[in-house]
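Asks:
Numbering (my numbering), first residue to last: 201 to 306.
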């Protein structure tokens, strides 16, 4: 079995020099990712119930994800994140939906 690993953590970004003024965006990005994972039953447990739950300590690890969740993250997370970093709204989860459809054989 694979050793658990952290996929993304808020403080990795909020503590990065030059990113300090991006705090609100970083929190939003993590919120919409977590919301997508929760809404699609890709987590073993809910990670948050509101955007206020997303602090520097917030993270998504391989241990938090179901098998489909981990496969979806491997298939679509980097693409989605790249688009979000280039100005796409984090609310636009189309790329994550496409990856999930592939994973679930749709």
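Yeah, the Cβ is synthetic: ideal placement off N, Cα and C, and Gly gets one too.
Model, not experiment: these values are computed from the prediction.
Grouping DSSP H, G and I as helix and E and B as strand, with all else coil, what is residue 279?
Replies: Residue state, collapsed to three classes: helix.
Asks: Would you check if there are 3 or more beta carbon pairs closer than 8 Å linking the region 226-243 to the region 277-290?
Replies: yes
Asks: Count the other C-beta atoms from every protein chain shown that fall within 10 angstroms of the C-beta of residue 229, then say buried if there are 16 or more, exposed otherwise.
Replies: Buried, because 16 or more other Cβ atoms sit within 10 Å of the Cβ of residue 229.
Asks: Within 8 Å, do at least three Cβ pairs link the region 211-221 to the region 235-252?
Replies: no
Asks: Taking 8 Å as the cut-off, decide whether the C-beta atoms of residue 254 and residue 227 are in contact.
Replies: yes
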